Amino acid sequence: MTQSFPTPAAHARELLAKLGVPALPADAGHPVRSPIDGQVMTHVAFDDAREIGSKVSAACHAFAAWRVVPAPRRGELVRLLGEELRAAKADLAALVTLEAGKIASEAAGEVQEMIDICDFAVGLSRQLHGLTIASERPGHAMRETWHPLGPVAVISAFNFPVAVWAWNACLALVCGDPVIWKPSEKTPLTALATHAVLERALARFEDAPDGLCAVVLGGRDAGERLARDPRIALVSATGSTRMGRAVAPMVAERFGRSILELGGNNAMIVTPSADLSLALRAIVFSAAGTAGQRCTSLRRLIVHESLVDKVADAVETAFQRLPVGDPRQPATLLGPLIDKAAYDAFVEAMNQVRAEGGSVAGGERLLIDELPDAYYVRPALARLPAATACMQRETFAPLLHVAPYADFEEAIAIQNDVPQGLSSCVMTNDVREAEGFLSAAGSDCGIANVNIGPSGAEIGGAFGGEKETGGGRESGSDSWKQYMRRQTATVNYSGALPLAQGVRFDL
Ligand code: NAD
């Protein structure tokens, strides 16, 4: 059943007020559009160089105070943030839908991911453990300790407008680091709303230092300013490989630390033993979900030659039937692309497929008369006789390439033969194929799944990818170590001064 909703602009005003964001300028500053109708929802003011500088200075002051707060007490702030996020979940998710165009269920899932990482970080705040190491010298004790690192800048992409901040901020805060967030210029409203939620947690916490968390609004220039600032100890940057190529040398030049979470070009191998009904559901969700705008979206389908037509036909039919439209409608499974540039890149990529001898089914623009400034599309399936050059690139849209393989080693070689290395999966019921795929000679990606699509990771594991995906890891496992500095300490509790390696230096 179709529900009626206010215009995105009116809906955004209502949600921003409920979430506690101070009134924004209606007609001056940077326009913020909703991909739902392509219209301006409101405007925001970008930070200038002076404002960015003073937020970094405030973060440095906050660091001096925050690093000596016991980690479990720092965890209390994140616990309160988790409570506030639970209370704000529905409204924040609705704002994610308005600003990024995700369907309601995926937007709610994104906010749930923020809550999950809060829970993880609260536990972690009591587990920031080091090591004791056997010393070769008598009467000596050696240990390794983790200390807070310093201010962390988080540069985030439009497609996960709030979760990526939470992955970084929750770990950084329990590790003792202030956080400065530069969200995508396409999604500043969800950042302001998240900050308002965080401020409620800070008020309840009572004694957090001023400047502990800040939002910097701006585009590429603002991101570059943070990347170059030697006072920022760690830059965690999520976005395109083009952005990472610019940011990495800026941070490296000043010997800063970076976590790079860049583009993916994720593949699925479907083998003859696969459960095809499971595979079909995994393919359609991971290729068309979020309108193909996840870093882990499925872009390349490598199917055994005996099955390739059958699988491709089933995917084509499923793509044709997917309900496309306003992502706020409960029945919609495919919302809009973020903007015209995304649509143009989608069209260009389909043209390249045709130029390389492939055929494309789907890919039409939809709802043009009703919403001429928004970009809704039918997902596209590109059939190729073999893996060709067009499969080397990430196109951030629902475009799935399918190509055949003859033997399993060849399938793995095709899967690995791209510059990116984020996520990958195999659909098989053959244990040799499953284990081979996960072995040292298998997938070269940061994420490798069996009988699951490449998208939809949980926060408990370390998230990130190899090669042009940047090599960074965030979220679970031991990713927290990147937000701390390691110190090796040796204590001599003997009355002698023996030197290591038997060196003699008698005075
Ligand atoms: P983008 O690269 O255009 O922008 C990302 C962020 O980087 C924005 O905040 C932007 O303002 C900033 N930025 C851009 N150029 C910069 C520069 N030279 N210096 C400093 N900051 C700069 O990416 P997008 O279109 O917002 O997001 C889509 C891309 O992000 C896709 O490639 C996707 O795969 C990738 N992504 C990767 C992950 C991951 O974890 N690997 C997660 C989400 C998105």
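Residues in the sequence shown are numbered from 5 upward in steps of one, following our numbering. For every residue, glycine included, the Cβ atom is placed at its ideal position computed from N, Cα and C. What you are looking at is a predicted structure, and each value in this text was computed from that prediction instead of being measured.
Quiz item: Between residue 45 and residue 149, what straight-line distance do the alpha-carbon atoms span, to the nearest angstrom?
Solution: 48 Å
Exercise. Report yes if the C-beta distance between residue 62 and residue 215 is below 7 Å; otherwise report no.
Key: yes
Self-check item: Own chain residues within Cβ distance below 8 Å of residue 81, not counting five before or after
Solution: 177, 205, 206, 209 and 212
Quiz item: Do the CB positions of residue 391 and residue 320 come within less than 7 Å of each other?
Solution: no
Exercise. Tell me, please, whether the stretch 478-489 touches the stretch 458-465 by the rule of three or more beta-carbon pairs shorter than 8 Å.
Key: Counting C-beta pairs closer than 8 Å gives three or more between the stretch 478-489 and the stretch 458-465, which meets the contact rule.
Quiz item: Among the residues of its own chain, which have a CB less than 6 Å from the CB of residue 297, if the five just before and after it don't count?
Solution: 163 and 400
Quiz prompt | Any alpha helix (DSSP H) of 4 or more consecutive residues that is wholly inside the stretch 291-344 | solution = 312-325
Quiz item: Can you give, in chain order, each stretch of the beta strand (DSSP E) that sits fully within the stretch 101-152 and has at least 3 residues?
Solution: 135-137 and 144-152
Practice problem: Can you check the stretch 336-419 for any beta strand (DSSP E) of at least 3 residues that lies completely inside it and give the ranges in chain order? | Solution: 363-366, 384-387 and 403-409
Quiz item: Does the distance from the CB of residue 113 to the CB of residue 39 come in under 7 Å?
Solution: no
Quiz item: Is residue 97 near residue 115, with beta carbons less than 7 Å apart?
Solution: yes
Self-check item: residue 429 - DSSP class collapsed to helix/strand/coil
Solution: strand
Practice problem: Measure the alpha-carbon distance for residue 340 versus residue 493 and round it to whole angstroms. | Solution: 54 Å
Self-check item: Alpha carbon of residue 34 to alpha carbon of residue 88, nearest angstrom
Solution: 28 Å
Quiz item: Buried or exposed: where does residue 56 fall if 16 or more other Cβ atoms within 10 Å of its Cβ makes it buried?
Solution: Its Cβ being crowded by 16 or more others within 10 Å, residue 56 is buried.
Practice problem: Identify, in the order they occur along the chain, each residue of the same chain with its Cβ nearer than 6 Å to the Cβ of residue 425, setting aside the five sequence neighbours on each side. | Solution: The answer, listed in chain order, is 448, 449, 469, 470, 471 and 473.
Quiz item: In whole angstroms, what separates the C-alpha of residue 227 from that of residue 54?
Solution: 14 Å
Quiz item: From this set, 317, 183 and 246, which residue's C-alpha is nearest residue 152's C-alpha?
Solution: 183
Quiz item: Candidates 159, 31 and 15: which alpha carbon is nearest residue 99's?
Solution: 15
Practice problem: Only counting runs of 4 or more residues, tell me where the alpha helix (DSSP H) segments fall wholly within the stretch 180-257, in order along the chain. | Solution: 192-209, 224-232 and 245-257
Practice problem: On a CA-only basis, which of 28, 79 and 496 is nearest residue 125? Give me that one, please. | Solution: That would be 79, whose Cα lies nearest to the Cα of residue 125.
Exercise. Return the residue from the list 174, 246, 328 and 384 that minimises the CA-CA distance to residue 352.
Key: 384
Exercise. Specify the secondary structure class of residue 455 as computed by DSSP and reduced to three states.
Key: In this structure, residue 455 counts as coil in the three-state DSSP scheme.
Quiz item: DSSP state of residue 508, grouped into three classes?
Solution: Three-state result, residue 508: coil.
Quiz item: What first and last residue would you give for the beta strand (DSSP E) that runs through residue 490?
Solution: Per DSSP, residue 490 belongs to the beta strand (DSSP E) from 488-496.
Self-check item: When 131, 347 and 76 are compared against residue 485, the one with the closest alpha-carbon
Solution: By alpha-carbon distance to residue 485, the top candidate from 131, 347 and 76 is 131.
Quiz prompt | Spatially closest choice to residue 231 from 185, 137, 456 and 279, by CA coordinates | solution = It is 185.
Practice problem: Give the secondary structure of residue 27 by DSSP, where H, G and I count as helix, E and B as strand, and everything else as coil. | Solution: coil
Self-check item: Close Cβ partners of residue 453 (< 6 Å) along its chain, the five nearest in sequence each way excluded
Solution: 429
Quiz item: Mind checking if residue 105 is an interface residue toward chain D, Cβ cutoff 7 Å exclusive?
Solution: Absent from the structure: chain D. Only one protein chain is present.
Quiz item: Is there at least one non-hydrogen atom of the ligand GDP closer than 6 Å to the beta-carbon of residue 162?
Solution: The ligand GDP is not part of this structure, which contains only the ligand NAD.
Quiz item: Considering only residues of the same chain and omitting the five flanking positions on each side of residue 142, which have a CB-CB separation below 7 Å?
Solution: 498 and 502
Quiz item: Which whole-angstrom value describes the C-beta separation of residue 180 and residue 71, a residue pair presumed to lie in contact below a C-beta threshold of 8 Å?
Solution: 4 Å
Quiz prompt | N-terminal and C-terminal residue of the beta strand (DSSP E) that residue 265 is part of | solution = 261-265
Practice problem: Under 8 Å by Cβ, that's how I've got residue 139 and residue 301 pegged, so tell me the actual separation to the nearest angstrom. | Solution: Wrong, their Cβ atoms sit about 50 Å apart, outside the cutoff.
Quiz prompt | Residue range of the unbroken alpha helix (DSSP H) whose run includes residue 60 | solution = 53-70
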